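Residue numbers (the numbering used here), protein chains in the order written: chain Z, 1 to 127; chain R, 1001 to 1139.
Think of the CB as a built atom: it goes at the ideal place given N, C-alpha and C, for glycine as much as any other residue.
No experiment lies behind these values; they were computed from the predicted model shown.
Here's the structure, in structure tokens; my notes come after.
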């Protein structure tokens, strides 16, 4: 039986999701990156528990730590939006509600990312 | 004659058939992976709040700590610690599957139990580490 797909559509291979394997692959790439970043985050937080605000400020003001914290927050928030999208795709079947949820996830993701980076810049500038 | 399954409006069972499935480690780990992921999404907001509170100077940080060190705050912190540990360990399990390792029934069941045990041991260990005064080494 001949296919209803045009040759161009087949070559693009994006399928019903319009994004092919992009979502799956990005979820994996961010997951791999989050293993070392998450371990560093745990090391950093444990090292800062029980210290004071000055110690936390000077730790986060250090360029390497600021960079790693920004990388951790950004990667985790991106991974989060990809993951929450799957939850919405699975459980929300009303199209309008689905679009609302997906927009909300992305807006919260971007707002939180920008907030984290702005706070890190403020911390770096304050010391 | 019994109800015709194709009749419109007839309630047909929808997958996942949670009420008739026998609970297994593999399915529980899958659900827990999703649940811990959603919990960690809330955790990212707490991380942002912590960073903002630190950037706001001593009073800002005090306000964060006064909430984080309440009993409910500490329970939430333990929840985030266990969620991060579980999600990371089970995430590694998923990445191994993606590469074609450990996807057979016996191995997947064993690693599922292992992830539960290890995540509990590690997160309790982390709290014991903090409780016995070993944290704060970055002073």
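(message) Helix, strand or coil for residue 120 of chain Z? Go by DSSP, reduced to three states.
(response) As a first step, residue 120 of chain Z must be located in the first chain, where it is residue number 120. It is helical.
(message) Between residue 97 of chain Z and chain R, is the shortest Cβ-Cβ distance under 9 Å, so that the two count as touching?
(response) Taking the first chain and counting its residues from 1, the one referred to as residue 97 of chain Z is at position 97. Not one chain R Cβ lies under 9 Å of residue 97 of chain Z.
(request) Look at the alpha carbon of residue 44 of chain Z and the alpha carbon of residue 37 of chain Z, and state the distance between them as a whole number of angstroms. (result) Numbered from its first residue, the first chain carries residue 44 of chain Z at position 44. Numbered from its first residue, the first chain carries residue 37 of chain Z at position 37. Their Cα atoms are separated by approximately 10 Å.
(request) Could you check the C-alpha separation between residue 81 of chain Z and residue 1103 of chain R for me, to the nearest Å? (result) Position 81 of the first chain, counting from 1, holds the residue named residue 81 of chain Z. Position 103 of the second chain, counting from 1, holds the residue named residue 1103 of chain R. The alpha-carbon atoms of residue 81 of chain Z and residue 1103 of chain R are separated by roughly 26 Å.
(request) Could you tell me how far apart the beta carbons of residue 1063 of chain R and residue 1053 of chain R are, in whole angstroms, since I believe they sit closer than 8 Å? (result) Along the second chain, read from residue 1 onward, the residue named residue 1063 of chain R stands at position 63. Along the second chain, read from residue 1 onward, the residue named residue 1053 of chain R stands at position 53. At roughly 6 Å, the Cβ-Cβ gap stays under 8 Å, so residue 1063 of chain R and residue 1053 of chain R are in contact.
(message) Any beta carbon of chain Z sitting closer than 9 Å to that of residue 1021 of chain R?
(response) Here residue 1021 of chain R refers to the residue found at position 21 of the second chain. It does not; no Cβ of chain Z falls within 9 Å.
(request) Taking only the alpha-carbon atoms, compute the straight-line gap between residue 1124 of chain R and residue 1042 of chain R and give it to the nearest angstrom. (result) One-based indexing of the second chain puts residue 1124 of chain R at position 124. One-based indexing of the second chain puts residue 1042 of chain R at position 42. Each residue's Cα considered, the two are about 21 Å apart.
(request) Would you tell me roughly how many angstroms separate the C-alpha atoms of residue 1001 of chain R and residue 1011 of chain R, rounded to the nearest one? (result) Within the second chain, residue 1001 of chain R is the residue found at index 1, counting from 1. Within the second chain, residue 1011 of chain R is the residue found at index 11, counting from 1. Here residue 1001 of chain R scores only 46 on pLDDT, less than 50, and its place in the model is too uncertain to base an answer on.
(message) Contact between the stretch 1014 to 1021 of chain R and the stretch 1069 to 1078 of chain R is defined here as three or more beta-carbon pairs at a separation below 8 Å; is this criterion met?
(response) no
(request) Please confirm whether any heavy atom of the ligand NAP lies closer than 8 Å to the CB of residue 123 of chain Z. (result) Questions concerning the ligand NAP fall outside what the structure shown contains, since it holds no ligand whatsoever.
(request) Express the C-alpha separation of residue 127 of chain Z and residue 1083 of chain R in angstroms, rounding to a whole number. (result) Walking along the second chain from the start, residue 1083 of chain R turns up at place 83. Walking along the first chain from the start, residue 127 of chain Z turns up at place 127. Straight-line Cα distance between these residues: approximately 33 Å.
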